[in-house]
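Residue numbers (this note's numbering), protein chains in the order written: chain A, 10 to 483; chain B, 112 to 432.
Every residue gets a Cβ at the ideal spot worked out from N, C-alpha and C, and that includes glycine.
Only a predicted model underlies this, so the values are computations on that prediction, with no experimental measurement involved.
Structure first, commentary second.
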Amino acid sequence: MLFASVTFLIFFPIFFILYWFVFNKSIRMQNMFILLASYIFYAWWDYRFLFLLIFSTLLDFYTGQRIHEAKEKKEKKIWLLISVLINLGLLIYFKYCNFFIDSLQTAFKALGYSSNISTLSIVLPVGISFYTFHGLSYVFDIYNDKIIKTKTFVDYAVFVCFFPLLVAGPIERANHLLPEFQKKRLFNYGLAVIGMRQILWGLFKKVVIADNCAEQVDAIFIDYTSQTGMQLFLGMFLFHVQIYADFSGYSEIASGLSRLLGFEILKNFSYPYFSKSIDEFWKKWHISLTSWFRDYLYFPLGGSKLGQFKQVKNVFIIFLISGLWHGANWTFIAWGLLHALLFLPTILMKKSINRRLPNLFSIIFTNLLIMIGWLFFRSITIDDAFHYLYSMIVKLSLHPWSILLVFKSFLIYGIILLFLLEWINRKQEFGFSFLNEAALMNNSIIRLLLYTFIGFLIIINLPNSAKSFIYFQF
Amino acid sequence: MNLSLFIKKSLLYISLFIVLLYTIQMGVDKGLRKCYDKEPFATFNTVIGGKAGSEVVFLGSSRIRNHIDVPLFEKISGKTAFNLGLDGSNLFLQQTIWDLYRKNNKLPKILFMELDWVRLEKDKKIFDKYRFLPYLNDLEVSKVLIEINDITKSDLYIPLYKYRGYFQYMWLGINNLLLSSKTRINKKITQNKGFNSLGGHLRDTQVNLKNYKIEARDVEQSLAIISKINQQLKNEGSSLILINSPIFKDGYLNIMNKSEIENKVLMFLKKEQIEFQNFETNEPISFNANLFHDVMHLNQLGAKCFTTLLYEKNSKLINDK
């Protein structure tokens, strides 16, 4: 079920009413109801993978119990290892199996051998990377004594399967969200209003900006060899906008929905494109994944405490794994590697390369670097990415007419509106936060008109068939 | 208490929002239904507005719309005529516009209807779907579009949802609603005859119909439509003539089951006693590249030649009616 779909438009209000009016008698009933709704939400895509989700939940719940009850450190370690191996085993099988087979075949071919290994027809279960990481955070936190085991399976399962976060995060931490499921929930009017605004803002980002960018990006990337330099630059820029609007839009909606149900979830984006350096960007982009890697991988590897060489090595490991987490393709690894390289000056010189530039130039320069990274992320092969980049540079002409053509599209005004509102609100939580602050917005008529305008834009921009969020594939 | 207030306020706002969207949708629909100068709405509006009634009517796809020069036909025959050709339409959509015509206009004395092998297939997607959006309230239109499966219930019931992605037509509708004066509209109605002439000359001499197979089930359903229309005309003493207009000589490629389809159709026509005039490989039209816009479509000059040819072949019948 997609957030920007008619099905969800029917599903959520029914869920909301039942959640607050029928199942509000006890925490247990509410949790069971969320779990049931989450399973329906997930099964809407493919009910077969529901069993995988339930298996993964059971596995982590059981190993969590065993780790908690184990007296010896060694026993704890064994149960942790079992959980990690099975979780990652499933992830590798579903997500990376064909990638490894393909890569092996290529390697054999390069060495002059022929191989008979053929790829398997495996469908990637939606959200597997997200719920696997949810589950792992639970066992890690129990192992590190940051939380105690949950008493009931439902409490744990609802943490892993909570439908607003189930398929594209934010990747929640057991020590943050689990306690919320064990507390009585009270409806908070102010929080719910902010939640509604967040949903509206998220839908605007997804439907009006990201989906419209996607159409143009797809058309440019599919036939990039015949495009002009300006069109190639536009394609790269629009993908830069698309991936941000799509993913942060999803996160806003997820956060808004959670607030309507009385939960506060982790913040996933903090205006990353206003960053003045790559290291700042990584503090603001997909925060839940970055902090997950930091806490469960970077720190255990030693972080920055074991000298500069080890720190560089650890940063490279994190970025390579982060790249691979995004998808089973060398392009994602190249993207991770590029960001690791861009991160190097920060480690070696203890400052970023563009620190001396004025703010605006720093932001533009950082965005250009990020855009080049996205080029690898979006291309089918690394060759394509290099070829795209080369063609763009060679063919680029800054003819004023070709630049003016860009402004013929309505989309560009939507993008300007998006970043303008986000810039105004960069110190606030999200792009619509000014509604709480600006004096003008105290007038309810003006607020209603604004909601109506955004709602109108969303309705007339809905795609013919609901489009998935980019991060569903990860 | 807070929760009730939240729900009440949300419901109130959502209701107002829905009313506003419905109002805009009604405005856009109305504006587009008043549009007589911009195709594809102009022909539809003339038909629905009851201003298309003629003695001779032509029904088909773009190969009727672009091929029958109605003003010329009226001039040489002395009869009133109207072109109901609908770009990219199969027989299922042609039936829709025919039903709308019948509902709002007097029945013609003669109906020339296209019989093209390719059009016997039920398309999975509707060509230029936006053409039908202002008319979704008409059962004749929505029924067939839902059947083809390219229009959903959401299009019918969620306000403005049907216009998603078609901002320019929403704008056209609003513009028309606010700016069109009655006299301007009336002038345009009388000018519209449904014909659209194509310019240019033939460039590509082949159309890619390689490995194209027409489903037998679709053919049977299409023939049932022809049979129904024939019956309607017969009951009123009117005539139906099926025509297949010219195609450039090298254009017709590889419909894998063409002979099978052809046999089936010819048997049907014999049984129903319907006249079929096949101009598909007509000499000299099919051999003259100067008469074609592309392999499937005649240009302006080609349309004049074909209209004259069609009149000459049927002049006796036309004059007798």
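Identified DSSP bridge partners for residue i
i         : result
Lys350(B) : Going by the sequence as given, residue 350(B) is Ser instead of Lys. According to DSSP, Ser350(B) bridges with Ile221(B).
His408(B) : Asp405(B)
Asn355(B) : Asn389(B)
Ala192(B) : Val167(B)
Buried versus exposed, by CB contacts within 10 Å (16 or more), residue i
i         : result
Asn452(A) : exposed
Gln251(A) : buried
Asn221(A) : buried
Phe462(A) : exposed
Arg328(B) : exposed
Thr141(A) : buried
Lys155(A) : exposed
Met358(A) : exposed
Asn113(B) : exposed
Ser426(B) : exposed
Gln384(B) : exposed
Lys220(B) : buried
Ile349(A) : First, the residue type needs correcting, since residue 349(A) is Ala and not Ile in the sequence shown. Under this definition Ala349(A) is a buried residue.
Ser136(B) : For clarity, residue 136(B) is Gln in the given sequence; the question names Ser instead. Buried, since its Cβ has 16 or more Cβ neighbours within 10 Å.
Asn401(B) : exposed
Asp431(B) : exposed
Leu457(A) : exposed
Gln205(B) : buried
Leu377(B) : exposed
Tyr422(A) : exposed
Arg57(A)  : exposed
Gln317(A) : exposed
Ser388(A) : buried
Pro134(A) : buried
Ser115(B) : exposed
Cutoff 8 Å; reference residue i; Cβ partners in own chain excluding five residues on either side
i         : result
Ile330(A) : Phe302, Leu306, Gly345
Tyr272(B) : Ser265, Asp266
Phe441(A) : Arg206, Gln207, Leu209, Trp210, Leu430, Asn434
Leu378(A) : Ile287, Leu351
Leu241(A) : Ile229, Tyr233, Tyr397, Ser400, Met401, Lys404, Leu405
Tyr277(B) : Tyr241, Leu244
Ser138(A) : Leu100, Lys104, Trp334, Phe483
Ile391(A) : Trp339, Thr340, Ala343, Phe385
Ile129(B) : Pro270
6 Å Cβ shell around residue i - same chain, five flanking residues per side excluded
i         : result
Phe385(A) : Thr340, Ala343, Trp344, Ala394
Val181(B) : Ala192, Asn194, Lys304, Phe306
Arg182(A) : Ser146
Gly332(A) : Phe341, Ile342, Trp344, Gly345
Asn184(A) : Asp150, Lys155, Ile156
Distance cut-off 8 Å: residue i Cβ against heavy atoms of the ligand MN
i         : result
Lys381(B) : Absence of the ligand MN is noted for the structure shown, with no ligands found whatsoever.
Nearest-angstrom beta carbon gap, residue j and residue i [assumed within contact, 8 Å]
i         : j         : result
Gly161(B) : Asn216(B) : 6 Å
Lys276(A) : Thr375(A) : With a Cβ gap of about 20 Å, Lys276(A) and Thr375(A) do not count as contacting.
Pro173(A) : Ser297(A) : The pair is not a contact, with the Cβ atoms about 13 Å apart (cut-off 8 Å).
Ile429(B) : Ser188(B) : 5 Å
Met224(B) : Ile372(B) : With a Cβ gap of about 17 Å, Met224(B) and Ile372(B) do not count as contacting.
Lys375(B) : Val406(B) : Contact flag wrong, Cβ pair sits at about 25 Å.
Proximal residues to residue i (C-beta, below 7 Å), its chain only, five neighbours per side dropped
i         : result
Gly333(B) : This sequence places Ser at residue 333(B); Gly is not what is there. Leu202, Leu231.
Tyr28(A)  : Gln39, Phe42, Leu270
Phe387(B) : Leu226, Leu353, Leu380
Ile203(A) : Arg268
Gly164(B) : Asn216, Lys217
Asn323(A) : Tyr307, Leu310, Gly311, Gly312
Asp210(B) : Glu251
Ser92(A)  : Leu68, Asp69, Thr72, Val148
Minimum Cβ-Cβ distance from residue i to chain E less than 9 Å
i        : result
Trp29(A) : This model lacks chain E altogether, as its protein chains are A and B.
Give, in chain order, every residue of the stretch 151–185 of chain B whose Cβ lies closer than 7 Å to some Cβ of chain A.
Against chain A - using a Cβ distance shorter than 7 Å - the stretch 151–185 of chain B contributes no residues.
Contact residues within the stretch 191–220 of chain B, judged by C-beta distance below 8 Å to chain A:
The residues in question: there are none.
Given a limit of 8 Å on CB to CB distance, which residues of the stretch 190–220 of chain A reach chain B?
The stretch 190–220 of chain A vs chain B, Cβ under 8 Å: Phe196, Asn197, Tyr198, Ala201, Val202, Met205.
May I ask you to list, following chain order, the residues of the stretch 455–471 of chain A that have a beta carbon less than 8 Å from some beta carbon of chain B?
Flagged, chain order: Leu457, Tyr460, Thr461, Gly464, Phe465, Ile468, Ile469, Asn470, Leu471.
Taking a cut of 7 Å between CB atoms, which residues from the stretch 323–351 of chain B lie near chain A?
Within the stretch 323–351 of chain B, no residue qualifies.
Quick one, which residues of the stretch 236–262 of chain B are near chain A if we go by CB-CB under 7 Å, in chain order?
Within the stretch 236–262 of chain B, no residue has a Cβ that lies closer than 7 Å to any Cβ of chain A.
Beta carbons nearer than 9 Å to chain A: which residues of the stretch 271–284 of chain B have them?
Those residues of the stretch 271–284 of chain B that come within reach of chain A (Cβ to Cβ, closer than 9 Å) are Leu271, Tyr272, Tyr274, Arg275, Gly276, Tyr277, Phe278, Met281.
Check each residue of the stretch 315–329 of chain A: if its Cβ is closer than 8 Å to any Cβ of chain B, include it; give the result in chain order.
Result list empty, no residue passes.
Interfacial residues, the stretch 12–26 of chain A to chain B, with Cβ spacing under 7 Å
Contact residues of the stretch 12–26 of chain A toward chain B are Val15 (C-beta to C-beta distance below 7 Å).
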